[in-house]
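**Student:** Those sequence lines, one after another, are chains A and B. Using the working numbering, the first residue of the first sequence is number 422, and each one after it goes up by one. Using the working numbering, the first residue of the second sequence is number 203, and each one after it goes up by one. Idealized CB from N, CA, C, for every residue including glycine. The model shown is predicted, which means the values in this text are computed figures rather than measured ones.
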Amino acid sequence: MTDQDAASRAIDKQQALAEFGRYVNPQKVRVLRTAGLDIVEGRRSGAWVWDVDGTRYLDCFTSAGSFNVGRRHPRVVAAAKAALDELDHGNFLLASAQKAELAHRLADLAPGDLTCTTFGTGGGEAVDFALKVARGSTGRPRIVSTVNGYHGHTGFALSAGGRDTFREPFEPLMPEFAFVPFGDADALRDAVDERTAGVILEPIQGEGGIVVPPEGYLAAARQTCDATGALLILDEIQTGFGRTGRWFASEHEGVVPDVMTVAKSLGGSLAAISATIYTEDVREFLIPHPFIHLSTFGGSDLACAIALATIDVIADEGLVENAARMGARLHDGLSAVAAEYSDVIAQTRGRGLMAGLKYREDSFGPRMSYHLSRHGVLAFYSGNEPSVMRLMPSLVVTADDVDYLLGALEAAVKDARSGAGPDDAPTTRQRRRPQRAAATP
Amino acid sequence: MATWDEIAEALDDYTVTCNGNERLRKMQRDWTRQLHFVCSDTGDTFSMDVRSGEIVATPPGHVGVPDIVVTADSETFCDMFWGDLNPMPKYLRGEIQVRGSQEDVMRLDAISYVIWPDA
């Protein structure tokens with residue numbers, strides 16, 4: 422890159438940030454800038470992303486696990502270009518070959534007898550429909566969710582979110598939602614009754630701080646639902662498509678839900694698409710109501726073509742197996758770093774390439790995001806648990822990438838412990854604080 | 203080191219500035235919190251009672267059950283409440299420590315942005 426190119430890109434970056442601040446949210450830019458995360462994404466490829474100023478980062482946030490096949494995977498990009506030559510969104514009231522093929526593929530991939538699909542554009546929409554179909558299918562009102570659970574920001578999905586901060590400004594939300602501690606099978610059993618339409622769980626809480634439940638928890642949830650006639654809904658939006666070393670995280674326990682939601686990585690980093698996958702039994706409700714839930718862009722033909730290519734890449738390139746291998750390497754390395762810096766890191770947790778680092782102090786979440794960015798790693802703390810750093814790189818990462826992450830992590834911990842950080846921002850106006858009177862001798 | 207009188211003067215100014223800012227009051231109307239502050243150098247402590255976005259009291263000592271506990275040196279608190287200091291760099295260096303939710307930390311920074319956009 423020439424000096425002129427660099428200068429030009431730097432100007433583009435400042436212009437982008439200024440316009441983003443003016444037309445989107447100035448405080449968002451201020452927070453990101455102060456935190457050293459005022460990155461304007463430019464080039465993106467595989468497990469890496471570049472700021473427009475040329476700085477390269479290993480992407481360990483991946484839009485909360487949206488880039489399992491990496492960013493702009495060449496086969497997915499080629500499929501998207503080919504689809505653009507002959508397709509568009511398609512008509513949401515009509516059938517299409519792309520929708521049919523993707524629904525068939527998902528039925529083949531999904532565990533057990535989950536063979537029916539309704540498409541959407543994002544995770545929240547998929548959860549909205551899962552909860553609607555649970556109520557419609559059972560004729561019951563009550564939904565049981567978990568404290569610190571995260572299922573999206575739309576109507577039903579937000580109502581199922583287990584964090585007051587996200588819910589309170591918008592109340593009243595949907596009625597008849599109850600919350601129990603995640604991982605507590607007894608509390609779940611006590612909360613579910615004959616009025617319960619569904620229980621919604623993440624197999625591993627993502628925004629809640631990469632919380633892996635005790636072994637047998639999902640199986641116990643399955644038993645509780647079977648005993649009461651409630652539907653078990655598993656939200657695999659962050660955990661699905663290989664993230665944990667299996668196609669879907671529920672497979673670790675061999676549990677088959679009645680309804681499963683997927684999104685994020687289904688779009689291969691290029692398309693907005695989600696799916697709610699359910700059993701034929703659940704679908705009975707939709708036989709007399711085939712048009713009761715519609716989505717103009719949900720499962721667009723373009724997005725379906727991209728999703729099909731994405732699934733092919735995950736299967737053909739062995740990315741599920743790579744997530745298990747690289748995940749083991751990552752967890753071994755994290756454990757070593759945690760042991761070395763036990764004054765800062767309290768715990769490591771997760772499964773496959775869904776890893777969490779719990780710091781001893783809340784402020785280390787934001788502080789470590791800052792320091793990791795200085796060492797070429799993009800990572801954020803969990804939305805519902807700021808003391809936990811979430812590490813969810815693409816499933817295409819190599820052993821070198823994992824080692825790079827571990828090296829950066831160790832360097833960042835050292836920097837944070839030393840009190841390094843951004844300089845005080847210069848004030849552009851006169852100080853307001855009165856001058857202190859001279860000390861009396 | 204700043205004296206308690208200096209901190210109290212800064213707090214009084216901060217209270218008047220915040221409560222007199224209509225934009226901020228509207229923005230913060232859903233924010234009710236009890237904040238505790240600890241001066242790491244002098245040992246002084248004080249509280250801030252915020253109800254529906256209005257600062258209703260800033261007494262010395264710790265009053266009630268805190269939602270947020272902020273620890274920093276006394277000079278930092280003075281500069282912060284006078285609006286002469288953007289607290290985020292110090293927070294990221296660990297010189298200001300906050301126990302509480304990250305959303306509340308963002309709120310505190312947003313207050314600074316609204317009342318002192320040039321700080």
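With distance defined between alpha-carbon atoms, name the residue in Tyr571(A), Trp668(A), Ile708(A), Thr455(A) nearest to Pro532(A).
**Tutor:** The shortest CA-to-CA distance from Pro532(A) to any of Tyr571(A), Trp668(A), Ile708(A), Thr455(A) is the one to Trp668(A).
**Student:** Do you know whose CA, among Ala312(B), Ser276(B), Met229(B), lies nearest Ser254(B)'s CA?
**Tutor:** Met229(B)
**Student:** Could you tell me which of Glu705(A), Ser466(A), Val452(A) sits nearest to Ile460(A), measuring between CA atoms?
**Tutor:** Val452(A)
**Student:** Out of Tyr791(A), Asp534(A), Ala757(A), state which residue places its alpha-carbon closest to the alpha-carbon of Asp844(A).
**Tutor:** From the listed residues Tyr791(A), Asp534(A), Ala757(A), the smallest Cα separation to Asp844(A) is found for Tyr791(A).
**Student:** What does Cys280(B) touch in chain A if you count any residue whose Cβ is under 8 Å from its own?
**Tutor:** Arg854
**Student:** I need the straight-line Cα distance from Gly544(A) to Ile658(A), nearest angstrom please.
**Tutor:** 6 Å
**Student:** Do Gly541(A) and Ile727(A) count as a contact pair if the criterion is CB distance below 9 Å?
**Tutor:** no
**Student:** If you draw a straight line from the C-alpha of Trp469(A) to the C-alpha of Ala274(B), how long is it?
**Tutor:** 37 Å
**Student:** Name, please, each residue of chain A whose Cβ falls closer than 9 Å to the Cβ of Ala259(B).
**Tutor:** By Cβ distance, chain A contributes nothing, its closest Cβ being about 22 Å from Ala259(B), past 9 Å.
**Student:** Alpha carbon to alpha carbon, how far is Pro289(B) from Ile625(A)? Give it in angstroms, no decimals.
**Tutor:** 35 Å
**Student:** Could you check how far apart the C-beta atoms of Arg493(A) and Ser690(A) are, in whole angstroms? I think they sit under 8 Å.
**Tutor:** 6 Å
**Student:** Under 6 Å Cβ to Cβ from Gly491(A), same chain only, skipping five residues before and after it: list those, please.
**Tutor:** Gly467, Ala468, Ser815, Val817
**Student:** Short of 9 Å Cβ to Cβ, which residues in the region 271 to 296 of chain B face chain A?
**Tutor:** Cys280, Asp281, Phe283, Trp284, Gly285, Asp286, Leu287, Asn288, Met290, Pro291, Lys292, Tyr293, Leu294, Arg295, Gly296
**Student:** Could you list the residues in the region 793 to 809 of chain A with a C-beta less than 8 Å from some C-beta on chain B, going in chain order?
**Tutor:** Tyr802, Pro807
**Student:** Give me, in chain order, the residues of the same chain whose beta-carbon lies closer than 7 Å to that of Glu806(A); leave out the 5 immediate sequence neighbours on both sides.
**Tutor:** Correct list, in chain order: Asn569, Gly629, Gly630.
**Student:** Closer than 9 Å, Cβ to any Cβ of chain E: which residues of the region 771 to 789 of chain A, in chain order?
**Tutor:** Annotation note: the requested chain E is absent from the structure, which comprises protein chains A and B.
**Student:** Which chain A residues are close to Arg301(B), counting only those with a beta carbon under 9 Å from its beta carbon?
**Tutor:** Glu782, Asp783, Ser784
**Student:** Can you tell me which of the three DSSP states Trp471(A) falls into?
**Tutor:** strand
**Student:** Against chain B, with Cβ distances strictly below 9 Å, would Asp459(A) count as a contact?
**Tutor:** Taking Cβ atoms only, chain B never reaches closer than 9 Å to Asp459(A), which makes this a no.
**Student:** At 9 Å on the CB atoms, spell out the chain B contacts of Gln448(A), in chain order.
**Tutor:** Met308, Asp311, Ala312, Tyr315, Val316
**Student:** So for Glu256(B), helix, strand or coil by DSSP?
**Tutor:** Of the three classes helix, strand and coil, the one that applies to Glu256(B) here is strand, per DSSP.
**Student:** Between Phe441(A), Ala456(A), Ala744(A), Phe662(A), which lies nearest to Arg526(A) when the distance is taken from Cα to Cα?
**Tutor:** Phe662(A)
**Student:** Is there at least one Cβ from chain A nearer than 9 Å to Gln236(B)'s Cβ?
**Tutor:** no
**Student:** Any chance you could list the alpha helix (DSSP H) runs of at least 4 consecutive residues sitting entirely within the region 818 to 852 of chain A, in chain order?
**Tutor:** Runs found: 820 to 839.
**Student:** Below 8 Å on the Cβ atoms is my guess for Tyr571(A) versus Gly604(A); work out the distance and round it to an integer in Å.
**Tutor:** Actually they are not in contact, since the Cβ atoms of Tyr571(A) and Gly604(A) sit about 15 Å apart, beyond 8 Å.
**Student:** Alpha carbon to alpha carbon, how far is Leu778(A) from His264(B)? Give it in angstroms, no decimals.
**Tutor:** 32 Å
**Student:** Which bits of chain B does Arg864(A) rub up against, with CB to CB less than 7 Å?
**Tutor:** In the structure as shown, chain A starts at 422 and stops at 862, and residue 864(A) therefore has no counterpart that could be examined.
**Student:** In angstroms with no decimal places, state the Cα-to-Cα distance between Glu305(B) and Thr586(A).
**Tutor:** 8 Å
**Student:** Would you list the residues sitting across from Cys537(A) in a DSSP beta bridge?
**Tutor:** As a beta-bridge residue in DSSP terms, Cys537(A) pairs with Tyr699(A).
**Student:** What in chain A is Cβ-close to Glu305(B), meaning under 7 Å?
**Tutor:** Thr586
**Student:** Output needed in chain order: residues of the region 211 to 237 of chain B with a Cβ under 8 Å from some Cβ in chain A.
**Tutor:** Glu211, Ala212, Asp215, Asp232
**Student:** What is the rounded straight-line gap between the Cα of Val450(A) and the Cα of Ala456(A)?
**Tutor:** 10 Å
**Student:** In whole angstroms, give me the CA-to-CA distance for Ala730(A) and Glu522(A).
**Tutor:** 11 Å
**Student:** Going along the chain, which residues of its own chain have a beta-carbon closer than 6 Å to the beta-carbon of Tyr216(B), five neighbours each way excluded?
**Tutor:** Phe283
**Student:** Distance check for Asp281(B) and Gly222(B), CA to CA, integer angstroms please.
**Tutor:** 20 Å
**Student:** Decide if the region 575 to 585 of chain A is in contact with the region 631 to 650 of chain A; the criterion is three or more beta carbon pairs, one per stretch, under 8 Å apart.
**Tutor:** no
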